[in-house]
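*Asks:* Dropping a structure here in structure tokens format, bear with me for questions.
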Amino acid sequence: LATTLSLWGENELPLIQEIKAGGAFAPATDMAWNNMLGNWKRGIAFPNEMPKDERRRITGGENLYFQTCVTCHGPEGKGLNVPGTDQLLAPSLVDSARVKGKPSQLIPIFLHGLTGPIDGKTYQAGFMAPAAAFGITRDDRLAELISYIRFVHGERASSVSKEEVTKVRKQHGDREAAWTDLELREL
């Protein structure tokens, strides 16, 4: 803890640069440090005209993202490299057509998970668990998480309401299996 506090905000120190480059410690330790360093840069700049309830929704989603998603997608949403390889654990959320696109193709992933290749590329994790596996079961909380991802990693795409999540949940209520990329494209 003392080391962390002493390094707080010192992004240009050689040690911090070496950690970010992935050469300071064993690969798994570098990954853990990178996630922690990503927490230092948290904070969202909202447009002045954005309603307060939408800001709260996105900020709540930021907290959920850093509690659950950062482990695979990284603090900047670009996906994390598997230690010792150049393979990503999970895809980048940044500039993702699905993140920026129709919420009706994104929400199902959080409800049922995603398996297999994405855009023809295979990722080390191979599977994204549904949000319920991380304890996110309420539609309002799911709307917060998706809104954060769309705003921050989707070029400020519109937020998602609780009602949208509930509607998609009802549409696919009988589904038990994780989605595939191809199935989502057909929605």
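Numbering (this note's numbering), first residue to last: 1291 to 1477.
Beta carbons are placed, not taken as given, at the ideal position from N, Cα and C, and that holds for glycine.
This structure is a prediction, so every number in the text was calculated from the model and none was measured.
1. Could you tell me the alpha carbon to alpha carbon distance between R1475 and S1394, rounded to whole angstroms?
2. Rounded C-beta distance between F1400 and P1420? I'm assuming under 8 angstroms.
3. Is P1398 buried or exposed, if buried means 16 or more other CB atoms sit within 10 Å of its CB?
4. If I follow the unbroken alpha helix (DSSP H) through A1387, where does it start and stop?
5. Do the segment 1366-1374 and the segment 1455-1465 touch if we need at least three Cβ pairs shorter than 8 angstroms?
6. For the alpha helix (DSSP H) containing P1398, list its first residue and its last residue.
7. Between which residues of its own chain and E1344 is the CB-CB distance below 7 angstroms, once the five residues before and five after are set aside?
8. For L1295, which of helix, strand or coil comes out of DSSP?
9. Take D1376 as the anchor and find which of I1408, T1412 and G1391 has the nearest alpha-carbon.
*Replies:* Result, derived from the coordinates:
1. Along the sequence shown, read from residue 1 onward, the residue named residue 1475 stands at position 185. Along the sequence shown, read from residue 1 onward, the residue named residue 1394 stands at position 104. For R1475 and S1394, the distance between alpha carbons rounds to 10 angstroms.
2. Locating residue 1400 in the sequence shown gives position 110, where the first residue counts as 1. Locating residue 1420 in the sequence shown gives position 130, where the first residue counts as 1. That pair is a contact at about 7 angstroms.
3. Sequence index remark: in the sequence shown, residue 1398 carries index 108 (1-based). Buried, because 16 or more other Cβ atoms sit within 10 Å of the Cβ of P1398.
4. For the purposes of this step, residue 1387 is taken as residue 97 along the sequence shown, with counting starting at 1. Taken as a continuous stretch (DSSP letters only), the alpha helix (DSSP H) holding A1387 covers A1387 to K1390.
5. no
6. Sequence index remark: in the sequence shown, residue 1398 carries index 108 (1-based). P1398 -> alpha helix (DSSP H) spans P1393 to H1402.
7. Within the sequence shown, the letter at position 54 stands for residue 1344. The beta carbon of E1344 is closer than 7 angstroms to those of S1449 in its chain, skipping five residues each way along the sequence.
8. If you number the sequence shown from 1, residue 1295 lands on position 5. Because the pLDDT of L1295 is 45, which lies under 50, any placement of that residue in the model is unreliable, and the question is left without a value.
9. For the purposes of this step, residue 1376 is identified with residue 86 of the sequence shown, where counting begins at 1. Checking every option, the nearest Cα to that of D1376 belongs to T1412.
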